[in-house]
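K.L.:
Protein chains: 2
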Amino acid sequence: METQDPAGTDLATLVKQTEGGHSLFEDAAREQPIPVCSVFLDKDGTIRPASFRETQTVFTCQEHNSILEVFPKTIAKSRNIILEAHPSEAHPAVAGKRVAVLFSGGPAAGGHNVLAGLKLVLGDDNTLLGIRKGPKGLLSGDVFEITKSDVDRIINTGGFNFLGTDRTKIKTPEQFEKVKNTVLENRLDGLIIVGGDDSNTNAAFIAEYLETEGIPCSVIGIPKTIDGDMAAGKYLPISFGYDTATKVYAELTGNLAQDAASAVKYYHFVKLMGRTASKITLEVALQTKPAIALISEEIAAENMSLGDIVDEIVRIIVLRRLKGINHGVVLVPEGLIEFVPEMRTLILELNRALADYERDIKDLPTLRNKLEFLYPHLSPQSAQLMASLPDEIEEMLILDRDDHGNVKVSQIETEKLLIDKIRYKMSEIKRHTEKYFGDGEGLVPASPQQIDKFKVATFSSQSHFLGYEGRSGKPTSFDAAFTFALGLTAGSLVLAGKTGYMAAVTDFDKGGTVLALPITGLITCEMRKGKEEMVIEKSLVELDSPAFKLFAAHREKWAQEDLFSSPGPIQHWGPASRQIPISVALNQGYADYRTFNLGEERKIRLE
Amino acid sequence: METQDPAGTDLATLVKQTEGGHSLFEDAAREQPIPVCSVFLDKDGTIRPASFRETQTVFTCQEHNSILEVFPKTIAKSRNIILEAHPSEAHPAVAGKRVAVLFSGGPAAGGHNVLAGLKLVLGDDNTLLGIRKGPKGLLSGDVFEITKSDVDRIINTGGFNFLGTDRTKIKTPEQFEKVKNTVLENRLDGLIIVGGDDSNTNAAFIAEYLETEGIPCSVIGIPKTIDGDMAAGKYLPISFGYDTATKVYAELTGNLAQDAASAVKYYHFVKLMGRTASKITLEVALQTKPAIALISEEIAAENMSLGDIVDEIVRIIVLRRLKGINHGVVLVPEGLIEFVPEMRTLILELNRALADYERDIKDLPTLRNKLEFLYPHLSPQSAQLMASLPDEIEEMLILDRDDHGNVKVSQIETEKLLIDKIRYKMSEIKRHTEKYFGDGEGLVPASPQQIDKFKVATFSSQSHFLGYEGRSGKPTSFDAAFTFALGLTAGSLVLAGKTGYMAAVTDFDKGGTVLALPITGLITCEMRKGKEEMVIEKSLVELDSPAFKLFAAHREKWAQEDLFSSPGPIQHWGPASRQIPISVALNQGYADYRTFNLGEERKIRLE
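Protein chains in written order, with the numbering used here: chain L, 57 to 663; chain H, 57 to 663.
1) I'd like to know whether the C-beta atoms of glycine 190 (chain L) and leucine 158 (chain L) end up nearer to each other than 9 Å.
2) How far does the alpha helix (DSSP H) with serine 122 (chain L) in it extend, from its first residue to its last?
3) Between the segment 499 to 510 of chain H and the segment 394 to 409 of chain H, can you find at least three pairs of beta-carbon atoms closer than 8 Å?
4) Can you tell me the Cα-Cα spacing of phenylalanine 96 (chain L) and alanine 546 (chain L), whole angstroms?
5) Chain L partners of leucine 308 (chain H), CB-CB under 7 Å?
6) What residue does the beta strand (DSSP E) around phenylalanine 108 (chain L) start on, and which one ends it?
7) Decide if the segment 335 to 350 of chain L is in contact with the segment 296 to 309 of chain L; the criterion is three or more beta carbon pairs, one per stretch, under 8 Å apart.
8) If distances are taken between C-alpha atoms only, which option among L:Ser621, L:Phe652, L:Ile660 and L:Asn643 comes closest to glycine 310 (chain L)?
9) Relative to the C-alpha of alanine 513 (chain L), which residue among L:Tyr413, L:Lys153, L:Val207 and L:Arg376 is closest?
10) Within 9 Å of any Cβ in chain H, is that where the Cβ of lysine 72 (chain L) sits?
11) May I ask you to verify whether the segment 572 to 582 of chain H touches the segment 127 to 143 of chain H, counting CB pairs closer than 8 Å and requiring at least 3?
12) For arginine 661 (chain L), count the other beta carbons within 10 Å of its own beta carbon; 16 or more makes it buried, fewer makes it exposed. Which is it?
13) Quick one, are the C-beta atoms of leucine 247 (chain H) and leucine 292 (chain H) less than 9 Å apart?
14) Check whether the segment 559 to 569 of chain H and the segment 98 to 106 of chain H are in contact - that is, three or more C-beta pairs closer than 8 Å.
15) Give the DSSP bridge partners of glutamine 518 (chain H), in chain order.
16) Going by alpha carbons, who is nearest to isoleucine 348 (chain L) out of L:Asp367, L:Asp456 and L:Asp254?
17) Nearest to aspartate 181 (chain H) by CA position, among H:Pro105, H:Ile249 and H:Lys129, is which residue?
18) Count the other CB atoms within 10 Å of the CB of proline 432 (chain H); is the residue buried (16 or more) or exposed (fewer)?
19) Is the Cβ-Cβ distance between isoleucine 278 (chain H) and glycine 543 (chain H) less than 9 Å?
20) Return the CA-CA distance between glutamate 663 (chain H) and asparagine 212 (chain H), expressed in angstroms with no decimal places.
21) Considering just the uninterrupted stretch of the beta strand (DSSP E) at threonine 569 (chain H), what are its terminal residues?
22) With alanine 333 (chain H) and valine 591 (chain H) assumed to form a contact (beta carbons below 8 Å), what rounded beta-carbon distance in angstroms separates them?
23) Can you give me, in chain order, the residues of the segment 339 to 363 of chain L that have a beta carbon less than 8 Å from any beta carbon in chain H?
24) Taking the beta carbon of leucine 244 (chain L) as the centre, do at least 16 other beta carbons fall within 10 Å, making it buried, or is it exposed?
25) Mind pulling the chain H residues with CB within less than 7 Å of alanine 317 (chain L)?
26) Examine chain H for any beta-carbon lying closer than 9 Å to the beta-carbon of valine 320 (chain L), and answer yes or no.
27) Shortest alpha-carbon distance to aspartate 222 (chain L) belongs to which of L:Ser205, L:Gly252 and L:Asp208?
28) Interface residues of chain L around glutamate 450 (chain H) at Cβ under 9 Å?
29) For the segment 514 to 533 of chain L against the segment 519 to 537 of chain H, do three or more pairs of beta-carbon atoms, one drawn from each stretch, fall closer than 8 Å, so that the two count as touching?
30) 9 Å is my cut-off, CB to CB: does histidine 78 (chain L) come that close to chain H?
31) Relative to the C-alpha of leucine 654 (chain L), which residue among L:Ala141, L:Lys566 and L:Ala319 is closest?
32) Can you check whether the C-beta of isoleucine 638 (chain L) is within less than 9 Å of a C-beta belonging to chain H?
33) With a cut-off of 9 Å, does the C-beta of phenylalanine 296 (chain H) fall near any C-beta of chain L?
34) According to the neighbour-count rule (16 or more other Cβ atoms, all chains shown, within 10 Å of its Cβ), is glycine 380 (chain L) buried or exposed?
35) Taking a cut of 7 Å between CB atoms, which residues from the segment 117 to 135 of chain L lie near chain H?
36) Please report the distance separating the alpha-carbon of threonine 401 (chain H) from that of histidine 488 (chain H).
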């Protein structure tokens, strides 16, 4: 440790200097310039708030009347009309406003640049406050001022760690009362909620509540979720964090595809985070061209059973093996199980039976006994399906239940369930090759030599779950620019006195168009746990979207040949550093996904 | 999908063009220049073979005499003297040589650049052949010619997929006979084996065998292993693949540390690949500064029990929680369990008891019955330890056995075992705070308020295994340069008619010194499965090395504060793209780890 460099700093000191977020990479990232949409620039190129005008577009949904009943005040003001930002005319500068911001739900890359955008657009004449630990901190009033040096420190870094986050839902009158207290005690003129569908729905409720209470505080939502399930067509192509998360997962999936082709003996089963939509899986598939990618929305639409899914995977494994390819990658969306209609039915029936016969089941000593008791209380189809599941899964379905007594669907290890069933099916084919191969109808053509080779090969698999590692990475160039623009937008909206809107940016290919979407226009009624609730509808993979159609048109080729590509680790410098999600470019009709345009770059340094 | 870009290429075509390893990243990576050590350059800057001279250094180990008996021919030739490369004097160019190369063992980043280096140094006058699917392909003679366009396609890409790899060990006389046949049938003048300790040992045996048979074929090893356990002090600071793997794991660990600090509720337990040495864990710890990193070598040296390890982790979790930090990252080396002395003893005793009483145990119906039978056949210490393990682990220890009837140690989910025991211990502390906190001796100082807060917090954890995703990524700039140099070295050695050497490069900070290490000088005798075997000794973490000492000096601060840093995804362009492992720089006494110097860069394009 006595090693000295010519400048006199020893290596131990160098290592110590990287503590607390100062790796070579993090320090270099802080210095990276960020593009700024032109609506936020004055003639001198200084950043300033934008002003907003109504567009011709009104968001109305089927349940407009019932939603109007819940949000009379905010809808009266916004009339659910989308606003568009324009360069601010020489209006008097707004001063003295106090604006607080919080993160809600799971982390996503770019949150810190939202804060940077807010701080810059509020300028020296207004105050930016941070709320610690998410909605919980809003309730308890855990508020502090965000300084310029804070922003210089966190800009372009990943995670939500500067503020922290949590998943508290604000629902009860007591909670709303607490929000009011925090707003009043801190004399807030604005409250920015960075979150997903539930958090933005919450923002709409808080906006309505504060309006009703006569408290002039703008509430603005910012669309965040790595799942990509918060989007609004051409008005909001995607939420922030999706680009970074899918690129982390695509890096690792590409590496695993290369590993599979190198070791030439494994199928890597990769479960990808995303509780509901398969948007992450679709994007990763477009990036990496795996042997197989399951899309939940398609499985539901085609009414596929678990057996159908296994058959399809086995069909591809068999075809590849006949060509000498005994390896590959299978992508499995985390939310799959709830999209398989028969599993959905089974889970519903189980929830009911477990509730009806809780006592009886509890008293039975073994899993077998419990199962024997339960089968007659399920429909024949569900009982049969249940019996076909491996013991661990049956056990999980019966014993692991949430606070409401429901089956914990998210705990089910779908990829392991699939592997189990595939292994059985493959061994069955090996034992009865005559039933599967040959020249007859319904048989797969294969020569005797091919069949012999088929028999000696084994099915080996490794399973992986990619999730947490994609939520808190440093934002990609795109997410860094997008979130900075969202921060500038939200700050401008507060200064303009708007409430109940979600900040949005679109036209990523031509400088960025900045919008404000009335959240009430995005809300629909949905049944959740047997109750009607007002929620923002999740944006799922649409089977007629260009992105899905491109995937569907190519997947058979990717299945039969080994055409994977490896998009590599996220680059922040060099030729590969300015990509956007392929699926977004396709669905928005952009000409390219290899670069974006959100304005001219400038280096952001506040002190 | 009708989207058109100005050049007339639609987006669907663009996506299609990326199939088969042509992502934007991969295409740009192929164009990246590679540094070339000056010994391989002539005056015009053209790449040419180096020549070799003996140094003053002789490798001799304790068992020199018994090793001499096994390798009389190669040692007579090499006298175990290290060779150093020098710029080739105007010797007549070597032509007409046929050299074959294979990958052996798990993939590591940079294998394709070894091939590129070989192809370039052999030039147009000699032939480079590839052997498919590792040692298995050497036995079956699965050989083909590697062309210039192959090299242009694979240069700077990750994985071993161009050739494939496997783990066949060449041991029996029949196998050696097959190797001879392949060498003779393909008229090979050289055989390059890219692999880890076992594969390089194999290379030494093959070299000796071919010498004995009077077949003039040079056998050269190339040091590959992500584990970093193949190294030879200043002569070979590290094997290739380690830099890339540790940087992939450090990216993900940094992301998880940021995620932990964002969600403020989890400890992420990260198990890191590396069957024996904890070198990967040490490097990732130096890169990321986690709350806790376990180093197997230290645990063995300190004779720590499983309980001691749990106590130490709990101590840190408690201290952090008292400071309001209820999250963090814990690094667990994959090979840990075999370094815990009491577990080692238990496994040895179990292997014996399971062998002695195989029948009796088999006939017992339940796990409980089997355990009751087994306990009296273990030492009291081992029986007690066994009884303290969770049921799943006990089951795994008894039921999951390898082909030799031994416990499958690698299958033990160490991180889950630790989590289980930590959870229990934490709940115990909560129930009996008076036994742990206060002012008395052996108690942790804490105020009543701190204790109240301590009691309401929960211990939540997520476990991860980082392994396969680090083996096949695109090589870092360093691994790309290092492997290219190793290929140039191995090719030069074959052209110089040397056999039984391992290619090595050192002095990464000053242009690279190119060496050839006599493999027989690295070999020692080791007991494996009760038999004495000749093997290359694994390079473990040394507790008096600068890298470990720096880690040990700082870890308590990293434990008590939240000082993690996030080294980010591997960069291939820009300011963070030329780093080498921190631990290597420390142990080699370099002045810096942020950049390396392996010569002047040039773009490699063969066609």
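Glycine is no exception: its CB is placed at the ideal position from the N, C-alpha and C atoms. Bear in mind the structure is a predicted one, so any value in this text is a computation, not a measurement.
P.N.:
In this structure, then:
1) yes
2) First-last of the alpha helix (DSSP H) with serine 122 (chain L): 120 to 126.
3) no
4) About 12 Å.
5) Glu525
6) 107 to 114
7) Judged by pairs of C-beta atoms under 8 Å, the segment 335 to 350 of chain L touches the segment 296 to 309 of chain L, as three or more such pairs exist.
8) L:Ser621
9) L:Arg376
10) Yes, contact with chain H.
11) yes
12) exposed
13) no
14) no
15) H:His324
16) Closest in alpha carbon position to isoleucine 348 (chain L), among L:Asp367, L:Asp456 and L:Asp254, is L:Asp367.
17) H:Pro105
18) Residue environment: proline 432 (chain H) is assigned as exposed (fewer than 16 neighbouring CB atoms within 10 Å of its CB, all protein chains considered).
19) Contact: yes.
20) Between glutamate 663 (chain H) and asparagine 212 (chain H), the C-alpha separation is close to 16 Å.
21) 569 to 574
22) Not confirmed; about 14 Å, so no contact.
23) Leu342, Gln343 and Lys345
24) buried
25) Gly215 and Asn217
26) It does; some Cβ of chain H falls within 9 Å.
27) Comparing Cα positions, the closest option is L:Gly252.
28) Residues of chain L with a Cβ closer than 9 Å to the Cβ of glutamate 450 (chain H) do not exist; the shortest Cβ-Cβ separation is about 17 Å.
29) yes
30) yes
31) That would be L:Lys566, whose Cα lies nearest to the Cα of leucine 654 (chain L).
32) yes
33) no
34) exposed
35) none
36) Roughly 33 Å separates the two Cα atoms.
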